[in-house]
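*Asks:* Would you mind keeping the following structure in view while I ask a few things?
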Amino acid sequence: MKKLLLSIAAASLAAVSCTPKQEKTTGINYAYMDTTARPGDDFAKYATAHWAEYNPQPKEYPSWGAFEKLGEENTYNLAALIQDIASRKNKKGTIEQKIGDLYNMVMDSVRLNAEGAAPLKAHLAELDGIDSREALLKYCATEHSDLMFRMGVGPDDKDADNNIVSIGQGGLTLGVRDYYLSVDPETVKFREATKEHMKNLFVLAGFPEEEAVAKTARIWEIETELAEAHYTKEKRRIPEENYHKVTVEELNEMCAPFDWNTYLKDYRYDKTTEVDLKQPEPVVKGCQMLMSLPLEDLKSLCQWGIINGCTMLLSDEFTQEMQDYNNKVYGTEEMTPRWKRAVGMVDNTMSDAVGQMYVKKYFPKEAKKEMLELVGNLQKALGERFKAQEWMTDETKKLALEKLNAFTVKIGYPDKWDDLSGLVIDPEKPLYENMRKAYEFLWNLDYEKHYNKPVDKTEWLMSPQTVNAYYSKSTNEICFPAAILQPPFFNVNADAAANYGAIGVVIGHEMTHGFDSRGRLYTKEGNLENWWTEEDETAFKKPCDAMVNYFNGLWVIPDELHANGVLTLEENIADHGGLNVAYNAFQTWQEKHGRLKDVDGFTPEQRFFLSYANVWAGSATPEILRYYTMIDVHSVSFLRVNGGLAQCDYWYDAFDIQPGDALYVAPENRVKVW
Numbered sequence: 030m031k032k033l034l035l036s037i038a039a040a041s042l043a044a045v046s047c048t049p050k051q052e053k054t055t056g057i058n059y060a061y062m063d064t065t066a067r068p069g070d071d072f073a074k075y076a077t078a079h080w081a082e083y084n085p086q087p088k089e090y091p092s093w094g095a096f097e098k099l100g101e102e103n104t105y106n107l108a109a110l111i112q113d114i115a116s117r118k119n120k121k122g123t124i125e126q127k128i129g130d131l132y133n134m135v136m137d138s139v140r141l142n143a144e145g146a147a148p149l150k151a152h153l154a155e156l157d158g159i160d161s162r163e164a165l166l167k168y169c170a171t172e173h174s175d176l177m178f179r180m181g182v183g184p185d186d187k188d189a190d191n192n193i194v195s196i197g198q199g200g201l202t203l204g205v206r207d208y209y210l211s212v213d214p215e216t217v218k219f220r221e222a223t224k225e226h227m228k229n230l231f232v233l234a235g236f237p238e239e240e241a242v243a244k245t246a247r248i249w250e251i252e253t254e255l256a257e258a259h260y261t262k263e264k265r266r267i268p269e270e271n272y273h274k275v276t277v278e279e280l281n282e283m284c285a286p287f288d289w290n291t292y293l294k295d296y297r298y299d300k301t302t303e304v305d306l307k308q309p310e311p312v313v314k315g316c317q318m319l320m321s322l323p324l325e326d327l328k329s330l331c332q333w334g335i336i337n338g339c340t341m342l343l344s345d346e347f348t349q350e351m352q353d354y355n356n357k358v359y360g361t362e363e364m365t366p367r368w369k370r371a372v373g374m375v376d377n378t379m380s381d382a383v384g385q386m387y388v389k390k391y392f393p394k395e396a397k398k399e400m401l402e403l404v405g406n407l408q409k410a411l412g413e414r415f416k417a418q419e420w421m422t423d424e425t426k427k428l429a430l431e432k433l434n435a436f437t438v439k440i441g442y443p444d445k446w447d448d449l450s451g452l453v454i455d456p457e458k459p460l461y462e463n464m465r466k467a468y469e470f471l472w473n474l475d476y477e478k479h480y481n482k483p484v485d486k487t488e489w490l491m492s493p494q495t496v497n498a499y500y501s502k503s504t505n506e507i508c509f510p511a512a513i514l515q516p517p518f519f520n521v522n523a524d525a526a527a528n529y530g531a532i533g534v535v536i537g538h539e540m541t542h543g544f545d546s547r548g549r550l551y552t553k554e555g556n557l558e559n560w561w562t563e564e565d566e567t568a569f570k571k572p573c574d575a576m577v578n579y580f581n582g583l584w585v586i587p588d589e590l591h592a593n594g595v596l597t598l599e600e601n602i603a604d605h606g607g608l609n610v611a612y613n614a615f616q617t618w619q620e621k622h623g624r625l626k627d628v629d630g631f632t633p634e635q636r637f638f639l640s641y642a643n644v645w646a647g648s649a650t651p652e653i654l655r656y657y658t659m660i661d662v663h664s665v666s667f668l669r670v671n672g673g674l675a676q677c678d679y680w681y682d683a684f685d686i687q688p689g690d691a692l693y694v695a696p697e698n699r700v701k702v703w
């Protein structure tokens, strides 16, 4: 442990050491390139073929790219902070005590193995005395454990200033109906592996093998029946199809004999008069099943929910079973080291406390200043693209510009943090029990912030230590946490070509989400309200349909699996817009500051696209590629390069792409959304 602490500390010090003022670099590692490949045939290969050789995929990861690599580096930075605290004796009740004790409890494998399944069995025993359907539903409500649907609080899609209780489809272990209904051989293998995993966990939890087999079979029958009522992934992307405000009285009539008045009261949503019933049919089906299934079936579902949610809080038997399952379905080969799991658990449980420490040590103030300039330039560039759209009427252009100019921009970290003083971490009690209490505390914290309250538009939806970015439709905001403002996304020592091609495209991507196939349906205030003319809507849908058809024709796995152009449409539009907007902003920057020099035989325009490709460099197992294609709204990484650039006129000019090149698309057939 001491050696690990020292190595992490050294890595972290290297990451934050002061760098003297220096000439800007290209920010591009040319060693990653395969210059024997033709850029017009496979740009991902041309730009990043050797990336994996210099950045080998760790065996614990099913996919490995710039996001994961930066996330891994971030884990080391967080570990340096957390392990330092955990090595000291901290005053009881302080945030340091809570961080240190939680980390040390996760690390204490001897204690966890000695406890075995005992903490879980104590939890499951709470169900033994339940002898009626009403008592079980009350238990589920007070535990905030929904068996057949999902319930929560968030901004009202049509009244964005106020929060509302939303109820939507749920109750599926695998989340997506296709995993239950598809007869594709690979999906069947995934399904069978999940059943085996479910049975194994029941056995580890103390159930006899025969009973575990029976429970697994019955749960799968129930979930499959429920899956048939679920909306498809594609239907869930249509906002108007997933918003239905109803009164509680109407909800009771739809779901009778299920008693929503009692359930909401037990859930502590007792002041609720209206809800957003996201997907009515599957919720109604779930309520009918709750009222018709035998009590023992409902208990089995509840038991499974408890067991499935706690595997990382128990002995090595449980974590090994989880790893064996991951190896089968995602293609991983090794377990995530315990210290990383411990860091992750602390971060997830006390993210604001960890975030405060993180930004204090690792976030340079100059990054925020440069980002604000970048965002401003991208905003102007997108506005100019709106004005230039010949298919767009002046009326819709005006409203689009108003929405763009109304963006709230969040960079780095929030101005206020959650108060975690009420969180209790008691090292005398098992890790399992501590985390149950922690989940309850965090649920109550969320409840106090949101239930029956107006929307707090200053709230961040990601922690500053998260390597990601987002656009929120309901608040019309773009957010770039501190952790993503590092190479290869953002480099204060790199030239503008590199930064505009990387973080610039990320910024443009998030901005474009406000005007993609879903985001465009929300006003500048964040309300679901179609502000487009019928003429503009018709014109917009044509390139969207072309984008869908184009990506539907791309291979994720050659001769085996195509991309899903419908599921990934919004993200593909955002990539498309992000590239065009960032490129335009980069050219405006060059007009103002002077054209950058050619370096190492590459023009600044070429370096822009090389930088973009480096953001999506990586490798992945076939298993995870299938999984992503089934559930993810993003195209897989290499298609975000080859598929995205094939629709970008500027890329053709930069690399002289010609007819006959494999990626070539004739100008009249290129998709032009933004």
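Plus 29 on top of the position in the sequence shown (first one is 1) and you've got the working numbering.
Every residue gets a Cβ at the ideal spot worked out from N, C-alpha and C, and that includes glycine.
If I'm right that Gln418 touches Asn103 with Cβ under 8 Å, what's the distance once you round it to whole angstroms?
*Replies:* To locate residue 418, count along the sequence shown from 1; it is residue 389. To locate residue 103, count along the sequence shown from 1; it is residue 74. So it is not a contact: roughly 39 Å between Cβ atoms.
*Asks:* Pairs of beta-carbons, one from the stretch 318-334 and one from the stretch 152-171, closer than 8 Å: are there three or more?
*Replies:* With the cut-off at 8 Å, the stretch 318-334 and the stretch 152-171 touch.
*Asks:* Quick one, which of Tyr681, Ser195 and Tyr209 has its alpha-carbon nearest Gln248's?
*Replies:* Working through the sequence shown from its first residue, we reach residue 248 at position 219. The sequence given here places Ile at residue 248; Gln does not occur at that position. Measuring from the Cα of Ile248, the nearest candidate turns out to be Tyr209.
*Asks:* Roughly how many angstroms separate the alpha carbons of Lys300 and Asn505, rounded to a whole number?
*Replies:* Taking the first residue of the sequence shown as 1, we reach residue 300 at position 271. Taking the first residue of the sequence shown as 1, we reach residue 505 at position 476. Near 28 Å, if we compare the C-alpha coordinates of Asn505 and Lys300.
*Asks:* Would the beta-carbon of Ala234 fall within 8 Å of that of Leu342?
*Replies:* For the purposes of this step, residue 234 is taken as residue 205 along the sequence shown, with counting starting at 1. For the purposes of this step, residue 342 is taken as residue 313 along the sequence shown, with counting starting at 1. Not in contact: Ala234 and Leu342 (Cβ atoms no closer than 8 Å).
*Asks:* Of the choices Phe518, Glu589, Thr65 and Glu101, whose alpha-carbon is the least far from that of Asp213?
*Replies:* Along the sequence shown, read from residue 1 onward, the residue named residue 213 stands at position 184. Here the closest residue by C-alpha is Glu589.
*Asks:* Measure the Cβ-Cβ separation of Gly647 and Gly537 and say whether it is below 8 Å.
*Replies:* If you number the sequence shown from 1, residue 647 lands on position 618. If you number the sequence shown from 1, residue 537 lands on position 508. In this structure, Gly537 does not lie closer than 8 Å to Gly647 by Cβ.
*Asks:* Consult DSSP for Glu172 and reduce its assignment to one of helix, strand or coil.
*Replies:* Counting from 1 along the sequence shown, the entry for residue 172 is found at position 143. Looking at Glu172 - three-state DSSP - the assignment turns out to be helix.
*Asks:* In whole angstroms, what separates the C-alpha of Phe178 from that of Ile196?
*Replies:* Translated into the one-based positions of the sequence shown, residue 178 becomes position 149. Translated into the one-based positions of the sequence shown, residue 196 becomes position 167. Cα-Cα distance, rounded: 7 Å.
*Asks:* Ignore the nearest five residues each way along the sequence and tell me which others in Thr261's own chain have a CB closer than 6 Å to its CB.
*Replies:* Stepping through the sequence shown from its first residue, residue 261 is reached at position 232. No residues qualify anywhere along the chain.
*Asks:* Does the separation of the CB atoms of Asp305 and Ile193 fall below 8 Å?
*Replies:* Against the sequence shown, residue 305 aligns to sequence position 276. Against the sequence shown, residue 193 aligns to sequence position 164. Result yes, Cβ atoms of Asp305 and Ile193 sit closer than 8 Å.
*Asks:* Would you kindly work out how many angstroms separate the C-alpha atoms of Arg140 and Ala371, rounded to a whole number?
*Replies:* Stepping through the sequence shown from its first residue, residue 140 is reached at position 111. Stepping through the sequence shown from its first residue, residue 371 is reached at position 342. Cα to Cα, Arg140 sits roughly 15 Å from Ala371.
*Asks:* So, for Asp574: in the same chain, excluding its five sequence neighbours on each side, which residues have a beta-carbon less than 8 Å away from its beta-carbon?
*Replies:* Numbered from its first residue, the sequence shown carries residue 574 at position 545. Taken in chain order, the list of residues that qualify is empty.
*Asks:* With DSSP as the reference, identify every bridge partner of Cys508, one or two as the case may be.
*Replies:* As a first step, residue 508 is located in the sequence shown; it is residue number 479 there, counting from the start. Answer is Lys439 and Tyr499.
*Asks:* Judging by CA-CA distance, which residue of Ala512, Leu230, Tyr681 and Ala467 is the nearest neighbour of Met491?
*Replies:* Here residue 491 is taken as the residue at index 462 of the sequence shown, counted from 1. It is Ala512 whose Cα lies nearest to the Cα of Met491.
*Asks:* How is the alpha helix (DSSP H) around Pro311 delimited, first residue to last?
*Replies:* Along the sequence shown, read from residue 1 onward, the residue named residue 311 stands at position 282. Unbroken alpha helix (DSSP H) run through Pro311: Pro309 to Ser321.
*Asks:* Tell me, please, which residues DSSP counts as bridged to Lys274.
*Replies:* For the purposes of this step, residue 274 is taken as residue 245 along the sequence shown, with counting starting at 1. Answer is Asp305.
*Asks:* Consult DSSP for Ile196 and reduce its assignment to one of helix, strand or coil.
*Replies:* Translated into the one-based positions of the sequence shown, residue 196 becomes position 167. Looking at Ile196 - three-state DSSP - the assignment turns out to be strand.
*Asks:* Might you give, ordered along the chain, the residues of its own chain that have their beta carbon closer than 8 Å to the beta carbon of Ala243, omitting 5 neighbours on each side?
*Replies:* Translated into positions along the sequence shown, residue 243 becomes position 214. Around Ala243: no qualifying Cβ.
*Asks:* With DSSP as the reference, identify every bridge partner of Trp584, one or two as the case may be.
*Replies:* By one-based count along the sequence shown, residue 584 stands at place 555. DSSP, once it has assigned bridges, lists His591 as partnering Trp584.
*Asks:* So does the stretch 64-83 actually touch the stretch 445-462, counting three or more Cβ pairs closer than 8 Å?
*Replies:* No, the stretch 64-83 does not touch the stretch 445-462.
*Asks:* Could you check whether Val232 and Asn238 sit closer than 8 Å to each other, using their CB atoms as the reference points?
*Replies:* Here residue 238 is taken as the residue at index 209 of the sequence shown, counted from 1. Here residue 232 is taken as the residue at index 203 of the sequence shown, counted from 1. Checking the sequence, you will find Glu at residue 238 rather than Asn. Taking 8 Å as the Cβ cut-off, Glu238 and Val232 qualify as a contacting pair.
*Asks:* Which full runs of the beta strand (DSSP E) of 3+ residues lie inside the stretch 91-177, going along the chain?
*Replies:* For the stretch 91-177, whole beta strand (DSSP E) runs of length 3 or above, ordered along the chain, are 92-94.
*Asks:* Note the first and the last residue of the continuous alpha helix (DSSP H) segment covering Ser648.
*Replies:* In the sequence shown, residue 648 corresponds to position 619, counting from 1. Note, Ser648: premise wrong, no alpha helix (DSSP H); beta strand (DSSP E) at Gly647 to Ala649.
*Asks:* Would you list the residues sitting across from Pro483 in a DSSP beta bridge?
*Replies:* Here residue 483 refers to the residue found at position 454 when the sequence shown is read from its first residue. Note: Pro483 sits in a beta bridge opposite Asn191.
*Asks:* Out of Cys316, Ile57, Gly689 and Ala78, point me to the one whose CA is closest to Thr64's CA.
*Replies:* Position 35 of the sequence shown, counting from 1, holds the residue named residue 64. Thr64 has its Cα closest to that of Ala78, out of Cys316, Ile57, Gly689 and Ala78.
*Asks:* Measuring CA to CA, which of Leu203, Tyr105, Leu474 and Tyr83 is closest to Gly334?
*Replies:* Taking the first residue of the sequence shown as position 1, residue 334 is located at position 305. The residue with the shortest Cα to Cα distance from Gly334 is Leu203.
*Asks:* Could you pull out every residue in the same chain whose Cβ sits closer than 6 Å to the Cβ of Ala603, ignoring the five residues on either side in sequence?
*Replies:* Indexing the sequence shown from 1 puts residue 603 at position 574. His538, Thr541, His542 and Asp545, listed in sequence order.
*Asks:* Going by DSSP in three states, Tyr260 sits in which element: helix, strand or coil?
*Replies:* As a first step, residue 260 must be located in the sequence shown, where it is residue number 231. Note: Tyr260 maps to coil in three-state DSSP.
*Asks:* Count the other C-beta atoms from every protein chain shown that fall within 10 angstroms of the C-beta of Gln51, then say buried if there are 16 or more, exposed otherwise.
*Replies:* Reading the sequence shown from its first residue, position 22 is the one you call residue 51. In this predicted model, Gln51 has a pLDDT of only 45, less than 50, meaning its place in the structure is not dependable enough to derive any value.
*Asks:* Is the separation between the beta-carbon of Arg297 and that of Tyr529 shorter than 8 Å?
*Replies:* Counting from one through the sequence shown, the residue named residue 297 turns up at place 268. Counting from one through the sequence shown, the residue named residue 529 turns up at place 500. Cβ atoms of Arg297 and Tyr529: not closer than 8 Å.
*Asks:* Would a C-beta distance cut-off of 8 Å place Met379 and Leu449 closer than the cut-off?
*Replies:* Your numbering for residue 379 matches position 350 in the sequence shown. Your numbering for residue 449 matches position 420 in the sequence shown. Yes, they are a contact pair.
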